[in-house]
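Novice:
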Amino acid sequence: MLEHPVFWTFCGVVGAYLLLDLGVFHKQAHSLTLRQAAGQSLLIVLIALGFGVLVYTQKGINATLEYYSAYIMEYALSMDNIFVILLIMRYFSIEPQYYHKVLFWGVIGAMVMRGIFIFAGVLLVRQFHWVLYIFGGFLVWAGIRNLFKKEEGPPDLSKNPILRLLTRYLRITTAPHQGRFVIRRGDKRFFTLLALALLMVELTDLVFAVDSIPAAFAITQDDEVLFSSNILAVMGLRSMFFLLAAVIQRFWALEYGISLVLIGIGLKMFQDLVGLHIGPEVSLIFILSTLSFSVLLSLIIRRER
Numbered sequence: 006m007l008e009h010p011v012f013w014t015f016c017g018v019v020g021a022y023l024l025l026d027l028g029v030f031h032k033q034a035h036s037l038t039l040r041q042a043a044g045q046s047l048l049i050v051l052i053a054l055g056f057g058v059l060v061y062t063q064k065g066i067n068a069t070l071e072y073y074s075a076y077i078m079e080y081a082l083s084m085d086n087i088f089v090i091l092l093i094m095r096y097f098s099i100e101p102q103y104y105h106k107v108l109f110w111g112v113i114g115a116m117v118m119r120g121i122f123i124f125a126g127v128l129l130v131r132q133f134h135w136v137l138y139i140f141g142g143f144l145v146w147a148g149i150r151n152l153f154k155k156e157e158g159p160p161d162l163s164k165n166p167i168l169r170l171l172t173r174y175l176r177i178t179t180a181p182h183q184g185r186f187v188i189r190r191g192d193k194r195f196f197t198l199l200a201l202a203l204l205m206v207e208l209t210d211l212v213f214a215v216d217s218i219p220a221a222f223a224i225t226q227d228d229e230v231l232f233s234s235n236i237l238a239v240m241g242l243r244s245m246f247f248l249l250a251a252v253i254q255r256f257w258a259l260e261y262g263i264s265l266v267l268i269g270i271g272l273k274m275f276q277d278l279v280g281l282h283i284g285p286e287v288s289l290i291f292i293l294s295t296l297s298f299s300v301l302l303s304l305i306i307r308r309e310r
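The structure is reproduced here in structure tokens:
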């Protein structure tokens with residue numbers, strides 16, 4: 006993999022975008038306008054779509070279809086992540102001009118964690134192919150669980166055991182952070198609420214990755230396709246945070262669509278056992294049509310959440 010141009014091109018593209026994001030778009034902390042958020046979101050989506058063209062030139066049509074399927078799947082699965090991140094920001098009273106700083110470093114952490122998960126998973130699957138059946142069973146179970154789960158209110162972060170653990174063992178200050186994760190008082194360093202928010206965002210992404218990584222493996226086992234589609238989807242969603250946070254609750258049917266997709270691609274992992282072959286184009290059509298119908302249904306039938 007390390008000798009393949011797709012991997013190094015991906016690293017170069019992502020590195021250039023992150024430098025542009027930090028050094029130009031957000032050189033100074035500020036709240037994004039709707040136009041700025043839309044422009045930056047469109048840029049990362051175009052980068053992700055354009056990267057699929059490179060995958061096509063290097064790996065062919067099947068790998069390209071798998072890339073786009075995994076990208077869309079990760080995008081959909083991470084939608085609820087947007088809502089949880091917004092709750093975290095509000096719980097810690099993070100000012101809007103510092104949202105981007107938390108999200109930016111959250112993406113860096115997500116890239117590292119998901120990279121470890123993906124490459125470890127690829128090695129595991131190559132050594133023990135039957136692990137895919139475990140992933141498939143987990144996805145079917147997760148889809149059925151989400152399909153029939155009861156409506157719940159937003160999580161109460163004050164009762165979160167991880168947050169309680171962090172506040173117990175870390176030196177925390179509620180003093181104004183002014184955009185800093187750590188401040189010094191005398192000869193001691195204290196973590197600010199901004200740092201706590203970042204840690205909770207990272208842990209939230211870790212939880213969501215438990216569903217999304219096996220889902221990606223259901224579509225492809227190509228490590229480059231897995232990693233690039235996953236990371237670009239996460240980056241895109243973080244960029245769209247400012248747009249989606251206000252409207253995400255409107256798409257109530259999306260959760261049901263995601264559940265059906267999880268069940269469908271989970272069952273796909275058992276195709277070898279029954280002598281079937283479901284091509285990547287079928288997976289892409291299934292994912293797109295199911296999610297599109299869910300969004301359309303949400304727009305036609307309004308429902309309070």
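For the sequence shown, position 46 (counting from the first letter as 1) is numbered 51 according to the working numbering, and the numbering increases by one without interruption. Positions of the beta carbon are idealized from the N, C-alpha and C atoms, including for glycine.
Sorted by chain position, which residues of the same chain lie with C-beta nearer than 8 Å to A81's C-beta, five sequence neighbours on each side aside?
Specialist: Answer for A81: L259, G262, I263, V266, I292 and L296, listed in chain order.
Novice: Using 10 angstroms around the beta-carbon of S46, count the other beta-carbons present and answer buried if the total reaches 16, otherwise exposed.
Specialist: Classification for S46: buried.
Novice: Can you look up I123 in the DSSP assignment and give me helix, strand or coil?
Specialist: The answer is helix: DSSP assigns I123 an H, G or I state.
Novice: If T69 sits next to Y76, beta carbons under 8 Å apart, how far is it from one beta carbon to the other, in whole angstroms?
Specialist: Not confirmed; about 11 Å, so no contact.
Novice: Report yes or no: do three or more beta-carbon pairs, one from the region 235-246 and one from the region 111-120, lie closer than 8 Å?
Specialist: Yes, they touch.
Novice: In angstroms, rounded to a whole number, what distance separates the CA positions of V300 and F256?
Specialist: Spanning the two alpha carbons is a distance of roughly 6 Å.
Novice: I believe S83 touches S217 by the beta-carbon criterion, under 8 Å. Please report the beta-carbon distance rounded to the nearest angstrom.
Specialist: Confirmed, Cβ separation roughly 7 Å.
Novice: Which residue spans inside the region 193-270 form an unbroken alpha helix (DSSP H) run of at least 4?
Specialist: Qualifying alpha helix (DSSP H) stretches, in chain order: 198-224, 228-244 and 246-249.
Novice: Determine the extent of the beta strand (DSSP E) in which I313 is found, giving its start and end residues.
Specialist: Residue numbering for the chain in the displayed model covers 6 to 310; residue 313 lies beyond these limits and cannot be assessed.
Novice: Within this structure, are the beta carbons of G280 and G148 separated by less than 8 Å?
Specialist: Contact flag unset, no.
Novice: Can you tell me where the alpha helix (DSSP H) holding E286 begins and where it ends?
Specialist: It spans P285 to I305 - the alpha helix (DSSP H) in which E286 sits, taken as one unbroken run.
Novice: Please name the residue, chosen from W13, L199, A53 and Y138, that lies closest to T179 on a Cα-to-Cα basis.
Specialist: When only C-alpha atoms are compared, the closest one is L199.
Novice: Output yes or no for whether 8 Å exceeds the beta carbon distance between M274 and A202.
Specialist: Result no, Cβ atoms of M274 and A202 do not sit closer than 8 Å.
Novice: Compute the Euclidean distance between the alpha carbons of E229 and V11, then round it to the nearest angstrom.
Specialist: Distance between the alpha carbons of E229 and V11: 7 Å.
Novice: Excluding the 5 residues flanking S244 on each side, which residues of the same chain have their C-beta closer than 7 Å to its C-beta?
Specialist: Contacts found: Q45, S46 and I49.
Novice: Tell me I177's beta-bridge partners as DSSP assigns them.
Specialist: F196.
Novice: According to DSSP, is I167 helix, strand or coil?
Specialist: DSSP places I167 in helix when its eight states are reduced to three.
Novice: Looking at C-alpha atoms only, which residue of F246, I224 and I305 is the closest neighbour of I290?
Specialist: For the residues F246, I224 and I305, the minimum Cα distance to I290 belongs to I224.
Novice: Give every residue of the same chain whose Cβ lies closer than 8 Å to the Cβ of G57, excluding the five residues on either side of it in the sequence, and list them in chain order.
Specialist: Counting only Cβ-Cβ distances below 8 Å, and skipping sequence neighbours, we find T69, Y72, Y73 and Y76.
Novice: Hey, how far is the Cα of F143 from the Cα of R40?
Specialist: Approximately 40 Å between the Cα atoms of the pair.
Novice: Rounded to whole angstroms, what is the Cα-Cα separation between S234 and Q132?
Specialist: Roughly 23 Å between the two C-alpha positions.
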